[in-house]
Amino acid sequence: MSTVKFFYGDDLPLEMHKVRIVQKLDLKPIEHRLAAITEAGNNTFLLKNRDVFMDMLTDSGVNAMSDQQMAAMMQADDSYAGSETFTRLSVKIEEIFGKKFFLPAHQGRACENIISQAFVTPGSVVPMNYHFTTTKAHITLNGGTVEEIPIPEAFHLTSTYPFKGNMDIAKLKAVIKKYGVEKIAFVRLEAGANLIGGQPFSLENMSEIRQVCDEFGLMFVLDASLLADNLYFIKEREETCRELSIREITRKIADLTDIIYFSARKLGCARGGVICTNNEEAFVKMRELVPLYEGFLTYGGMSVREMEAIAVGLEETMDEDMINQGPQFIAFMTEELQKMGVPVVTPPGGLGCHVNAMEFLPHIPQNQYPAGALAAALYLVSGVRGMERGTMSEQRDEDGNEPLANVELLRLAMPRRVFTLSQVKYAIDRLCWLFENRKLVGGLTFVEEPKILRFFFGKLATVSDWQSKLVEQFRNDLGDSL
Ligand code: F0G
Numbered sequence: 056m057s058t059v060k061f062f063y064g065d066d067l068p069l070e071m072h073k074v075r076i077v078q079k080l081d082l083k084p085i086e087h088r089l090a091a092i093t094e095a096g097n098n099t100f101l102l103k104n105r106d107v108f109m110d111m112l113t114d115s116g117v118n119a120m121s122d123q124q125m126a127a128m129m130q131a132d133d134s135y136a137g138s139e140t141f142t143r144l145s146v147k148i149e150e151i152f153g154k155k156f157f158l159p160a161h162q163g164r165a166c167e168n169i170i171s172q173a174f175v176t177p178g179s180v181v182p183m184n185y186h187f188t189t190t191k192a193h194i195t196l197n198g199g200t201v202e203e204i205p206i207p208e209a210f211h212l213t214s215t216y217p218f219k220g221n222m223d224i225a226k227l228k229a230v231i232k233k234y235g236v237e238k239i240a241f242v243r244l245e246a247g248a249n250l251i252g253g254q255p256f257s258l259e260n261m262s263e264i265r266q267v268c269d270e271f272g273l274m275f276v277l278d279a280s281l282l283a284d285n286l287y288f289i290k291e292r293e294e295t296c297r298e299l300s301i302r303e304i305t306r307k308i309a310d311l312t313d314i315i316y317f318s319a320r321k322l323g324c325a326r327g328g329v330i331c332t333n334n335e336e337a338f339v340k341m342r343e344l345v346p347l348y349e350g351f352l353t354y355g356g357m358s359v360r361e362m363e364a365i366a367v368g369l370e371e372t373m374d375e376d377m378i379n380q381g382p383q384f385i386a387f388m389t390e391e392l393q394k395m396g397v398p399v400v401t402p403p404g405g406l407g408c409h410v411n412a413m414e415f416l417p418h419i420p421q422n423q424y425p426a427g428a429l430a431a432a433l434y435l436v437s438g439v440r441g442m443e444r445g446t447m448s449e450q451r452d453e454d455g456n457e458p459l460a461n462v463e464l465l466r467l468a469m470p471r472r473v474f475t476l477s478q479v480k481y482a483i484d485r486l487c488w489l490f491e492n493r494k495l496v497g498g499l500t501f502v503e504e505p506k507i508l509r510f511f512f513g514k515l516a517t518v519s520d521w522q523s524k525l526v527e528q529f530r531n532d533l534g535d536s537l
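To convert, take the position in the sequence shown, counting from 1, and add 55; that gives my numbering.
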């Protein structure tokens, strides 16, 4: 993709695949969308897909699969124990990551459950570049706490710093000193740090973390769910890796870790979860939990068809033409929005385009969920479904206080190889229109608030009649357009 230069005008991301199966989409009129978002309690998680035009909620389990993946699914070996499919996936994992022990689980958070139950004890601490919602929930459920130690650049939403997902090494040492080595369950690094905008770490940072782990005898765990994007960014942005193949970079990363786990709903473009390691003791400790929570050791709650698709998907991830599509579409969207003055997270990361809701809607206080309000407003004016990543996604503490998130983002995920560039342009157009009319957007307040992971099922009401005013303005400006 990056080697194709256009002769006239600006370069555009050029897809290195063609579409052979399609799904019909429907774009409902804005009045219908108003009813839909109201019924969903202004929570985009609760919208029905039939009311959604572009589903940019997540890249999880919704990436386009390849013909090779679909073909492999037909050869799955369905058996409770000893399945050939398990062997094939195991061999592929060892080939790519160099890890000989593989534990299957039904998705990423199931891996987190197993790892947390095995290694997190009451009072223990897990230092990490940044948390992910389900990761933190599993660690705290087991009595541990999370210590987030990203580099300061992580919170500079507009930046040119290439590796905002890096861990602060000085802070890592300080955390170890503060709590004592015996309290550290393990050190966790997240590829393509999700909640700060899909921002990558560098290979150099990883080597430094490894050195610290060696110095203190700590286990280094990599959450590789968003590794595909991170690999692309290392290849593009890290000088010393420019001449390395994606496969070589992957192996260098893997060799620095003790345990790798990932959601195969993201990495591998299928549905499932993988834990792998060369540490036999850790493997044995985790192994007993798999049949208890997931299923027998040769499927771990996954369908064998999906396991075949993961094996092929992992191999395809070693192809730069495959992994660059997401980041390049995201960069296109981010840069076009930036040109129009819309506040977006830069440099563009992986996973999706991230809009800075605090700057987009400075008049909405954080306890009225600016990112949630922006998600609801964008759906209303476009049928595009994004996801709130801000205070709504935080958990109340034991005393019921609501921690305010460090950042308020609207995430517009870019499932890999799913959308066309004209669809992306439509999303940009509507977001720019909303930016012009941002003063009309108001806040939200919870009317139903679950205790755990409240953003999934919580329902909210608007604090004023702002949504009908937005509909009125839309009709004024766009006439009878959908
Ligand atoms: N780790 C990271 C970094 C993730 O982004 C996710 C999921 C998980 C773990 C959990 O994996 O969903 O398979 O259980 N992220 C999804 C998202 C849900 O939309 O960002 P899972």
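Backbone N, C-alpha and C define an ideal beta-carbon position, used for all residues, glycine too.
Predicted model, so just to flag it, every value in this text is computed and none were measured.
Over the uninterrupted beta strand (DSSP E) stretch that includes residue i, give me the two end residues.
i	result
Pro417	Pro417 -> no beta strand (DSSP E), and no H or E assigned at all.
Met183	Val180 to Met183
Ile315	Ile314 to Ser318
Ile330	Gly328 to Thr332
Asp278	Phe275 to Asp278
Val242	Val242 to Glu245
Could you tell me how far apart the beta carbons of residue i and residue j are, in whole angstroms, since I believe they sit closer than 8 Å?
i	j	result
Arg472	Gln383	With 8 Å as the limit, Arg472 and Gln383 do not qualify as a contact, their Cβ atoms being about 11 Å apart.
Ala482	Gly407	Contact flag wrong, Cβ pair sits at about 11 Å.
Leu158	Val345	5 Å
Gly328	Ala160	4 Å
Asn118	Cys324	4 Å
Gly247	Gly405	4 Å
Arg326	Gly163	Rounded, the Cβ-Cβ distance is 10 Å, inconsistent with contact.
Lys290	Glu375	7 Å
Gly178	Gly153	Their Cβ separation, rounded to whole angstroms, is 34 Å, which puts Gly178 and Gly153 out of contact at 8 Å.
If you check the beta carbons only, do residue i and residue j fall under 8 Å apart?
i	j	result
Val276	Phe241	yes
Phe271	Ile231	yes
Ser280	Lys228	no
Phe187	Asn249	yes
Tyr316	Ile92	no
Met222	Ile264	yes
Asn492	Glu457	no
Glu203	Tyr185	yes
Met442	Thr113	yes
Pro398	Ala386	no
Ala283	Ile314	no
Ile239	Leu196	no
Leu55	Ala192	Look at the range of the chain in this structure, 56 to 537, and you will see that residue 55 is not part of it.
Lys606	Asn333	In the structure as shown, the chain starts at 56 and stops at 537, and residue 606 therefore has no counterpart that could be examined.
To which residues of the same chain is residue i closer than 8 Å at the C-beta, ignoring the five residues directly before and after it?
i	result
Glu259	Glu293 and Thr295
Gly513	Gly96, Asn98, Met447, Phe501, Glu503, Glu504 and Pro505
Leu102	Ala91, Ile92, Ala95, Tyr434 and Arg440
Asp66	Val59 and Lys60
Gln123	Val367 and Glu371
Phe100	Leu112, Met442, Phe510, Phe511 and Phe512
Leu82	Phe108, Gly438 and Leu537
Pro420	Gly498
Val496	Leu416, Ile419, Ala428, Leu429, Ala432, Leu489, Trp521 and Leu525
Lys494	His418
Arg342	Leu158 and Leu352
In chain order, what residues of the same chain lie with their CB nearer than 7 Å to the CB of residue i, ignoring the 5 residues before and after it?
i	result
Ala412	Pro425, Ala426, Leu429, Gly445, Glu463, Leu464 and Leu465
Phe210	Asn461 and Val462
Arg360	Met128 and Ala131
Tyr234	Val180
Val479	Phe384, Phe387 and Met388
Phe529	Ile85 and Val436
Leu533	none
With respect to the alpha helix (DSSP H) encompassing residue i, which residues constitute its N-terminal and C-terminal limits?
i	result
Tyr434	Pro425 to Ser437
Pro346	Leu344 to Tyr348
Phe152	Glu139 to Phe152
Glu294	Premise fails: Glu294 is in no alpha helix (DSSP H) and is neither H nor E.
Lys321	It is not in any alpha helix (DSSP H) - Lys321 carries neither H nor E in the DSSP assignment.
Leu525	Trp521 to Leu533
Thr305	Ile301 to Asp310
Lys232	Ile224 to Tyr234
Could you name the residues of the same chain whose beta carbon sits closer than 6 Å to that of residue i, not counting the 5 residues immediately before and after it, in chain order?
i	result
Phe141	Thr353
Pro182	Glu202, Ile204, Leu227, Val230 and Val242
Met377	Glu371
Cys166	Ala160, Tyr316, Gly328 and Ile330
Val410	Val399 and Leu465
Ile301	Leu286, Met373 and Glu375
Whole runs of the alpha helix (DSSP H) within the region 76 to 128, excluding any shorter than 4 residues | Listed in chain order, they are 85 to 94 and 122 to 128.
Counting only runs that start and end within the region 441 to 499, where is the beta strand (DSSP E) found for 3 or more residues in a row?
-> As far as the region 441 to 499 is concerned, its whole beta strand (DSSP E) runs of at least 3 residues are 442 to 444 and 464 to 468.
Would you list, in sequence order, the uninterrupted beta strand (DSSP E) runs of no fewer than 3 residues that lie entirely inside the region 359 to 384?
-> Qualifying beta strand (DSSP E) stretches: none in this window.
What are the uninterrupted segments assigned as alpha helix (DSSP H) that are 4 or more residues long and contained completely in the region 173 to 217, given in chain order?
-> Counting whole runs of 4 or more residues, the region 173 to 217 contains the alpha helix (DSSP H) stretches 188 to 196.
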